[in-house]
Structure formats: structure tokens, C-alpha cells
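I have placed the structure first, in the form of C-alpha cells, so that the comments after it can refer back to it.
2 protein chains.
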Amino acid sequence: MDFELIREIVIPGDTKIVLLVLDGLGGLPHPTKGRTEMQTANTPNLDRLAREGICGMIYHVGLGVTPGSGPGHLALFGYDPRRYRIGRGALEAVGIDFDLGPQDVAARGNFCTVDEGGRIVDRRAGRIDTDTCARLCAELRDIEVAGAQVFVEPVREHRFLLALRGDGLSDALSETDPQREGVPPPQVRALAAGAEGTAGLVNAFVAQARERLCDHRPANMVLLRGFARRPELPSMADVFQLRAAAIAFYPMYRGLAKLVGMTALPSGPSLADSLAALREHWGQFDFFFVHYKATDSAGEDGDFERKAAKLEEVDAAIPELLGLQPDVIMVSGDHSTPSTYRAHSWHPVPFLLRSRWCQPDRAERFNELDCQAGSLGLFAATEIMPLAMAHAGRFTKYGA
Amino acid sequence: MDFELIREIVIPGDTKIVLLVLDGLGGLPHPTKGRTEMQTANTPNLDRLAREGICGMIYHVGLGVTPGSGPGHLALFGYDPRRYRIGRGALEAVGIDFDLGPQDVAARGNFCTVDEGGRIVDRRAGRIDTDTCARLCAELRDIEVAGAQVFVEPVREHRFLLALRGDGLSDALSETDPQREGVPPPQVRALAAGAEGTAGLVNAFVAQARERLCDHRPANMVLLRGFARRPELPSMADVFQLRAAAIAFYPMYRGLAKLVGMTALPSGPSLADSLAALREHWGQFDFFFVHYKATDSAGEDGDFERKAAKLEEVDAAIPELLGLQPDVIMVSGDHSTPSTYRAHSWHPVPFLLRSRWCQPDRAERFNELDCQAGSLGLFAATEIMPLAMAHAGRFTKYGA
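Respectively, the protein sequence lines represent chains A and B.
Numbering follows numbering that gives the first Met the number 0, with no gaps: position 39 of the first sequence is 38.
Numbering follows numbering that gives the first Met the number 0, with no gaps: position 70 of the second sequence is 69.
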């Protein structure tokens, strides 16, 4: 739903909405047993929510499109992922929960190997380990360039984040990663008028980085790509008049939530940790995004049984969550990760919404088949927030 | 799905996609027996595909809109039929598989009858037979006009195609068919600046045609309408990175396929012919559009039993088709042609897609009721190509 309409009908309230995101939720049939992970797991509490609530299947970007974690979550939060794009450098910052400011330009960095002639011989520096990456980032962190503050943060293996902070910086910059070996990394060029100054800053950084790294072969040079500023997203407070909080252990999901103005609450990795955070902050917020990662990890590992077991773990936590008496609870995922496919996939994701105001529908259990038969059918994930708002009494009538 | 998104996520592959179009597929219940043609036909192989695959109901232009063959097929190929329009003259060219070039302007022609005063007395010249039409076209074919090459091709009965080929021709022309009798056909006028020259050429052609036809009453004059250039459609190679081939006996469908850059393979009218062509060219293409006409013809003839029988004929050919091991097979239609309605209709059309990566759904048979209960619900035909691309592993993730 477009934000113009939402802003026209949104009203304040004192109701509570919980969005429980089971990462990589949807699955495919077991090759011999013929049932999906959700059909296999024994989930009486989720099934009860499905029976009492309304169900459907959601797609996040489009039919047949596999969403990355960024677009997948933005859609769940109500933000059209086609309209609100997160550049690669900005996503890298989000992924390590680096607070990219409005004055910042970020890039994805690789440590790489160059020969004596400066030609790239390995774009990933032999995939150095993350500890080495952290040490090398520490060597680069105090590089000074005129007109901007420099941040260099390790990500994983050979990957790092470069952020520049200063007045009037531009992200209209060419990349220094030629995406092939045997050639030297090119200088950064301005791709738009007004970006020349930033290009100069980046080139000055790269020149100093090269000097400092020359004895650190295989990681004796850097490559930079995906220059991006912080995406401009209206906040959930602005659009939905919600005080929104995120309970997520992994930095990527905290970072995504913060991009839409959520408060990231501290939380440990377990469901018990999430529930504790929820209880502790229940009075302070109207909307809680609770992220659960283990379903996706099991799917990516191709571990059908573990994915089903993780669903049962979630199910066991539902009564305690319901004990908080949320007015609306939604359970879904940011994409499917079928264990047989071992990766994010395009398959639509089961969705349920339970409140006291639910129209009856045919879904009896929380799985792919039942949710397909639910009253919401196959629909865009961006519509779940409007549904939640309505069921929470936070939308008024449209027109007289 | 918009092509901008498709181009962003498309990746090459070596998978094979088959789209089997059963023209006029969908139907309505038999007036006494109460079951549709698809429900009546015994189609165990199609039913198995429906059971193993994902199903839904598609609409090609909009709910309640009966698509012509052009828009119906364009939608199946992924092209928004509202955005990509085929002018009437261009469709007439497509319908006889006349290769309309980028320098051409085409019009639909009617032979008609005029009285001594030049007034139209029969806009269709008593519906002369097609052979007569062909002889008359031969009489007009060598008319010469300064600045353009002239093509006159018979279509059917009183209908023919006029195409002019030359530099700087325009299709912004008024029509010479007043759509009523008792008046003389008006001269062609330029409807935009720069079209005056082409208007003059067309009027010169009409004047000569009248002279040559004066002794051929009832076909003693021509009417021209629907001036159109070849529509500019991006090719399937460009949009989907697919080498696409069409296996279709009727020129209209070959012509439509060529408009989106498919290679039209030679094929006879029978399903066996189509399968032979498919086998022969299997290694050379990634995507095969196979057109089957007999279902539509039976529907237009109001022959319920024949339509059901034709579905059984298709069903019998499915095992051989599957023997080629396509990665994705889709079966659907370009519109419904219910036998009781005896014409193209607006009713949504059953759709199935089978690949090894299908989410389970409730469709057990290939008919209207089961496809309605399928996981795809009621959706736009333009989305079937993105679904096929995903299931064929030809789309990468959107966003990180």
C-alpha cells in the first residue's frame, strides 16, 4: 500500500503488534517423505494461531523473484523494495550494524593481491581470515584525507567496509574493482558533476592504503566498489505512527530495522533472549519486530530435520509470547529457504495474522498448503503492515 | 513483471523451458452434463503434471477482458499487452506471417463494391472467396507509386494486406473506410506533420487500384484502415537471455512469435509434427513456444465433444514431450473459448507449471476447478515467464 494512503487513514492507538520473522521459513517437500519442513514439524501453537487467524502466502519483490535479506525485510516492514533501494556499500554497513550517517558515503572493500607492476593477481587476497582482516583494518583506520573522516571496519574474510564522513560527499563514483585479474585497479572517477572532490578523497585513501599494505602480501592492496549513501527511508514512526523496536541478534537485521527508524534492543541469540527483551520493553513500544535466524541457517545447510526441529522450538515459545497479550501477532518469513534447495528461493512464504477481529478462513495449520487455502491468497508482503494496522485498530475509515 | 527488474536479475543458463499453448483452452459447463470440457476429458498425463506442479488461473489483459490472439500471446510471452500494442495493419501482416520491416507501413484492406457515383454499396464486396481475393491482389501487386515499394497480399475472403516500404513513411494516416455505405471512400489525410508524403502515396495507390478493378464488380474498389508500423518489442533474447523458438502451424502465431524475436521453426499441423520439430531443434534453443490450435477451433464451432477429444489428443502426446526432459514445462491458453459460448471469452484460463522445484499445492487435475485451488490463485499471465525463469534457475537474487 502506498504511504500516501496510509498517512491519510492512520490514527494513533495503544495497541501492540508483534511481527515474528522466521528467516527462510518456506520449504519444499522432503525428497522421499513428500512433506515440507512445516508440514513435518509438530507445531500445535502455531497451528492454533493459523486456525484462529487469517492466512495467506506472500511474495516480497515479485513472483519468481528470490529476495535478498534487505528487500525481504523492507517488504515485511511495508516498504516497497523496488522503490527503496539499498546500495551495496550501504548494505555492507547495515550488515555490520555500522551507523551510516547522512553525511557518509560507504563502499564495499576487498583486500586483494597485486604484483610488482601493481596488477591484480587475486581479487580476494587468498580469502584471508577475519582476524587478519581486522588487524589490517586497524592499520588503515588512521589514514587521514583532507575533508573527510575515515572509517575502516572488518566484515568477514577479505571483505571490509570503507566509510567517509564529511560535508558534500557524493556516491556518484566509479569502482576500483575491475572484476578481473591481470590489470591494475583503476582510479576512482566522478560519475556526476560535484563528485570530483569525493573521487579525490577516495584516491588519496587508496594511495595511502597501498603504501601501508605493501609488506602484507597477499593482502597488499584494496579494491572498492558499490559506493552508496544511506538510503532515505521514511521512518515507521512517520508512516505508521508506531514506536517500533527490533529484537534481533544478527547485525544485518538490526541494521535493516534501524534504516526504517526502529530502536534496536539488545538481545542474545536464543528465543528465550528474545522473549526476555520483549517482556522488558513491552510497555515502551507499539510494534516489535522479532527476528529468528535458525530456520534459515538449517535450510542453507540442507538440514531438513533441523529446520523442522527449529520450527518446533519456535512453536514452544508461542504461549509465552501470547502471554504478553499482543493485539496483533504476525508470523512469516523474509523469503523461503527450502532444505532441498539449500539457498534463498523465490517460493512464496506462509503468513499468518491473529487478532480478535479475524474473518474465518480455511487454514487449519501453519504450513504451505493450508496458507495457500487461507483467505489472503497469494499477495504482496508489503500489504501485511496495513493488515496489521487495521486489526490493531490503527486505521480509520477511508472516505466518508 | 517489468522488464527493468527482469534485466536486473536474469542470468544465463543451460536449462530448457517449454510453453505449450492450447488455444482457447478454458471452457464452461456442458448445459446438461454440468462439467466443462477439461473436466470431461480423460487427461491422466496433464493431471499428473498438475499434481506435481503448481497451478493457477491466468488473465491476459484484465478481469472481464476477452483477449484477441495478439494480446493473449504477448501476455504469455511476458509482454504487457497494454503497453505493447500491435496496430491493426501490423496484426494483419502478422496474421499472414508477412515480414513487416522497420521501413514499412501496413494497412488492412477490404475489397468493396462501389456504384457508378463511387458510393460504397457493399463494404465487403459480397464476401468474395479467398481465391478471387488472391487473383485480385495479383492484379494490384505491380502498381507503382513514387518513393515506395508496394506489397498486396491476400488474407481471407474480401480481406487483404497493403504494405508500403520506403524511407520516412508514416502511419499517422486517416482511413479510407467510412464504416458505412452510401458514401464514397474519403481520401487519406495526414494526421501528423511529416505524414503528407505517405498520404499522397496511399492516395496514388488507391486511384490506380480503382482503375484496375473497375471491371471486377463486386470487387471494384478498395478500403484501407488501421495504418500501422511494425511494433517495437524488445526481443526475448534481450529481456530473458533466452534463445526462443516457436513451433506453430498457423501463420498468425508464427508472426506473433517473430515479433518478440523467436525463431519460427517449420512445423506441420499435427501434434506429431510439433513433437518432431521439438526433437529436431531441442539442442539449439532454451525456450520453446508450442502452439496447438484445435481446442480453439472446436470451441468456436460449439463442438463440446470435439474440444474434449482434442484435449485427450494433447494428453496422449505429453509423455513424449516429457521424454525430452524439459526443466520447466508450462501448459495454458491464450484465452478461453467455451464450446457453449462459441467464441473467445474473458474467462480466466487454467495454468500449470511443472519443474523439480515446485511448492506443493492442492491442484490434483488439470481443469478450471482444480487450477482455481492451486497455489498461484488468479493472476496475470505476464507473470508466467518470471515463474518459468525462476524454476529454470535463470534468475539470481534481488538485492543482497
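Beta carbons are placed, not taken as given, at the ideal position from N, Cα and C, and that holds for glycine.
Any idea what DSSP makes of B:L290, helix, strand or coil?
Walking along the second sequence from the start, residue 290 of chain B turns up at place 291. Going by the sequence as given, residue 290 of chain B is His instead of Leu. Reduced to three states, the DSSP call for B:H290 is strand.
Give the DSSP bridge partners of B:L223, in chain order.
By 1-based counting over the second sequence, the position of residue 223 of chain B is 224. B:L223 is bridged to B:G108.
As a quick exercise: from A:V149, A:A147, A:G146 and A:F159, pick the residue whose alpha carbon is nearest that of A:R123.
Walking along the first sequence from the start, residue 123 of chain A turns up at place 124. Answer by Cα proximity: A:F159.
Strictly below 9 Å CB to CB, what residues from chain B border A:L90?
By one-based count along the first sequence, residue 90 of chain A stands at place 91. Near A:L90 (Cβ distances below 9 Å), the residues of chain B are G398 and A399.
Taking 8 Å as the cut-off, decide whether the C-beta atoms of B:G88 and B:R107 are in contact.
As a working mapping, residue 88 of chain B is identified with position 89 in the second sequence. As a working mapping, residue 107 of chain B is identified with position 108 in the second sequence. A contact, by the Cβ cut-off of 8 Å.
When you compare only the Cα positions, how much space is there between B:L4 and B:V238?
For the purposes of this step, residue 4 of chain B is taken as the residue at position 5 of the second sequence. For the purposes of this step, residue 238 of chain B is taken as the residue at position 239 of the second sequence. Near 10 Å, if we compare the C-alpha coordinates of B:V238 and B:L4.
Can at least three beta-carbon pairs, one atom from the region 171 to 180 of chain B and one from the region 137 to 144 of chain B, be found at a separation below 8 Å?
no
When the Cα of B:L24 is compared with those of B:Y291, B:R228 and B:D360, which residue comes out closest?
Sequence index remark: in the second sequence, residue 24 of chain B carries index 25 (1-based). Among B:Y291, B:R228 and B:D360, the Cα nearest to that of B:L24 belongs to B:Y291.
8 Å CB neighbourhood of A:I8 in its chain, flanking five on each side removed
The residue given as residue 8 of chain A occupies position 9 in the first sequence. Result list for A:I8: F394, T395, K396 and Y397, in chain order.
Exposure label - B:T31; buried when at least 16 CB within 10 Å:
Residue numbering aside, residue 31 of chain B sits at position 32 when the second sequence is read from its first letter. Its Cβ having fewer than 16 others within 10 Å, B:T31 is exposed.
Is the region 197 to 207 of chain B touching the region 249 to 258 of chain B in the sense that three or more CB pairs, one from each, lie closer than 8 Å?
no
Per DSSP, which one or two residues make a beta bridge with A:I16?
Numbered from its first residue, the first sequence carries residue 16 of chain A at position 17. Answer is A:F286 and A:V327.
For B:I57, list the residues DSSP reports as bridge partners.
Reading the second sequence from its first residue, position 58 is the one you call residue 57 of chain B. Answer is B:V348 and B:F378.
Could you spell out where the alpha helix (DSSP H) holding B:V205 opens and where it closes?
Position 206 of the second sequence, counted from the first residue, corresponds to residue 205 of chain B. Residues E195 to L212.
In whole angstroms, what is the alpha-carbon distance linking A:D22 and B:G301?
Locating residue 22 of chain A in the first sequence gives position 23, where the first residue counts as 1. Locating residue 301 of chain B in the second sequence gives position 302, where the first residue counts as 1. Whole-angstrom Cα-Cα distance: 52 Å.
At a Cβ threshold of 8 Å, is A:Y252 touching chain B?
Position 253 of the first sequence holds residue 252 of chain A. Not closer than 8 Å to any Cβ of chain B, the Cβ of A:Y252 fails to qualify, so no.
Who are the neighbours of A:M56 on chain B, taking C-beta pairs under 9 Å?
Residue mapping note: residue 56 of chain A aligns to position 57 of the first sequence, counting from 1. Within 9 Å Cβ-Cβ: Q358, S374 and G376.
Through-space distance from A:A162 to A:D103, alpha-carbon basis:
Residue mapping note: residue 103 of chain A aligns to position 104 of the first sequence, counting from 1. Residue mapping note: residue 162 of chain A aligns to position 163 of the first sequence, counting from 1. Roughly 6 Å separates the two Cα atoms.
Expressed to the nearest angstrom, what Euclidean distance is found between the alpha-carbon atoms of A:Y249 and A:S266?
Residue numbering aside, residue 249 of chain A sits at position 250 when the first sequence is read from its first letter. Residue numbering aside, residue 266 of chain A sits at position 267 when the first sequence is read from its first letter. Rounded to whole angstroms, A:Y249 to A:S266 spans 9 Å at the Cα level.
Alpha carbons only, please: which of A:V64, A:R34 and A:T381 is nearest the one belonging to A:W345?
Reading the first sequence from its first residue, position 346 is the one you call residue 345 of chain A. Ranking A:V64, A:R34 and A:T381 by Cα distance to A:W345 puts A:V64 first.
When the Cα of B:E115 is compared with those of B:V154, B:D214, B:M261 and B:I53, which residue comes out closest?
Here residue 115 of chain B refers to the residue found at position 116 when the second sequence is read from its first residue. Looking at the Cα atoms, B:D214 is the closest of the given residues.
From A:L18, A:F303 and A:R242, pick the residue whose C-alpha is nearest to that of A:I10; which is it?
Along the first sequence, read from residue 1 onward, the residue named residue 10 of chain A stands at position 11. Nearest C-alpha to A:I10: A:R242.
Residues bridged to A:A244 by DSSP?
Position 245 of the first sequence, counting from 1, holds the residue named residue 244 of chain A. Looking at the DSSP assignment, A:A244 forms a beta bridge with A:T262 and A:F287.
Which residues in chain B have a C-beta closer than 9 Å to the C-beta of A:I85? List them in chain order.
Working through the first sequence from its first residue, we reach residue 85 of chain A at position 86. Here the neighbours are G398 and A399.
Can you name the residues that DSSP bridges to B:S68?
Locating residue 68 of chain B in the second sequence gives position 69, where the first residue counts as 1. For B:S68, which the question treats as bridged, DSSP gives no partner whatsoever.
Counting only the same chain and skipping the five closest in sequence on each side, list residues whose C-beta sits under 8 Å from that of A:R400.
With chain A covering 0 to 399 only, the question about residue 400 of chain A has no answer from this structure.
Buried or exposed for B:N41, please, with buried defined as at least 16 other CB atoms from any protein chain shown within 10 angstroms of its CB.
On the second sequence, residue 41 of chain B is found 42 positions in, with the first residue counted as 1. B:N41 should be labelled exposed.
Between which two residues does the beta strand (DSSP E) carrying A:E152 extend?
Along the first sequence, one-based indexing puts residue 152 of chain A at 153. Q148 to R155 is the extent of the beta strand (DSSP E) around A:E152.
Listed by chain order, chain B residues near A:R81 by CB distance under 8 Å:
Position 82 of the first sequence holds residue 81 of chain A. In chain order: L4.
Tell me which residues share the same chain as B:A389 and place their Cβ nearer than 7 Å to its Cβ, disregarding the 5 neighbours each side in the sequence.
As a working note, residue 389 of chain B is residue 390 in the second sequence. If we look at B:A389 and ignore the five residues flanking it on each side, it has no Cβ neighbours.
Return the CA-CA distance between B:S354 and A:V154, expressed in angstroms with no decimal places.
As a working mapping, residue 354 of chain B is identified with position 355 in the second sequence. As a working mapping, residue 154 of chain A is identified with position 155 in the first sequence. Their backbone Cα atoms lie some 37 Å apart in a straight line.
As assigned by DSSP and simplified to three states, the class of A:I418:
This structure does not reach residue 418 of chain A, given that chain A is present from 0 up to 399, and the question cannot be answered.
For B:D302, three-class secondary structure by DSSP:
Within the second sequence, the letter at position 303 stands for residue 302 of chain B. B:D302: coil per DSSP, three-state reduction.
Is there a Cβ of chain B sitting closer than 8 Å to that of A:Q371, yes or no?
If you number the first sequence from 1, residue 371 of chain A lands on position 372. Chain B, which has a Cβ nearer than 8 Å to the Cβ of A:Q371, makes this yes.
Specify, as a first and last residue, the run of the beta strand (DSSP E) that B:A162 falls within.
Position 163 of the second sequence, counted from the first residue, corresponds to residue 162 of chain B. Start and end: R158 to R164.
Exposure label - B:T381; buried when at least 16 CB within 10 Å
Looking up residue 381 of chain B in the second sequence gives position 382. Burial call: buried.
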